[in-house]
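**Q** Going letter by letter, the sequence shown gives residues 1250 to 1403 in my numbering.
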Amino acid sequence: MSTSTAKASRQAPATAPIVPTGHPLAGTAQVTPGRLAEEDMVDMPPGSGIRRHNDAAFTAAGVTRTVAFEADTMALLEQLVARDLGIGLVPAATAATMPGVSAVATTGVPPRTVRAVWTASGASPAARAFLQLLRERTPKAPAEDGLGAQRSSS
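#1: So for P1374, helix, strand or coil by DSSP?
#2: Look at A1372 and L1383 and say whether their C-beta atoms are less than 8 Å apart.
#3: Quick one: what's T1264 bridged to in DSSP?
#4: Can you give me the start and stop residues for the alpha helix (DSSP H) that T1308 sits inside?
#5: Which residues bound the beta strand (DSSP E) around E1287?
#6: Would V1350 and A1261 be called neighbours here (beta carbons separated by less than 8 Å)?
#7: Return the first residue and the last residue of the alpha helix (DSSP H) that A1345 is part of.
#8: How long is the line joining the alpha carbons of G1311 and P1348, rounded to whole angstroms?
#9: Does the distance from the CB of F1307 to the CB of T1315 come in under 8 Å?
#10: Taking buried to mean at least 16 other C-beta atoms within 10 Å of its own C-beta, is S1253 buried or exposed?
#11: Taking DSSP's pairing of strands, which residues face F1318 in a bridge?
#12: Report back the beta-carbon spacing between T1264 and L1338 to the nearest angstrom; my notes put them in contact at under 8 Å.
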């Protein structure tokens, strides 16, 4: 059975560290992966997209970090950080919406790549709205033609 699909890759803002309110890093202008690695961390489980991105960022920086706790939802990750059990590294847009923690800017962390795949015969209205939001708020990923530009049959 052959299904024609359309797909796209976009660059999303880098991840942002979140720290408990009152943490020494809360007032820091920018922090490096090396400095973050000095702290216990809270992250999503291995294999999740954000965890793969975070692991790659620390590997690229040449530093090893300690993940003290793993959370299966962003809400739980936020709660663990708010209770001072570690610091987190979450999508920048998500960090801005977490009331119990403070977001810190990073340097040396690459942007995330967000990928979307849908059937070429037509995306649902919700999918079209999501794709439009991606077009408006994120630049194209390198070596990509933009949303909907790549089509394949598999």
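For every residue, glycine included, the Cβ atom is placed at its ideal position computed from N, Cα and C.
**A** Quick answer:
#1: helix
#2: No, the Cβ-Cβ distance between A1372 and L1383 is not below 8 Å.
#3: P1340
#4: 1298-1310
#5: Where E1287 is concerned, there is no enclosing beta strand (DSSP E), given that its DSSP letter is neither H nor E.
#6: no
#7: No alpha helix (DSSP H) contains A1345, which DSSP labels as neither H nor E.
#8: 32 Å
#9: no
#10: exposed
#11: V1291
#12: 5 Å
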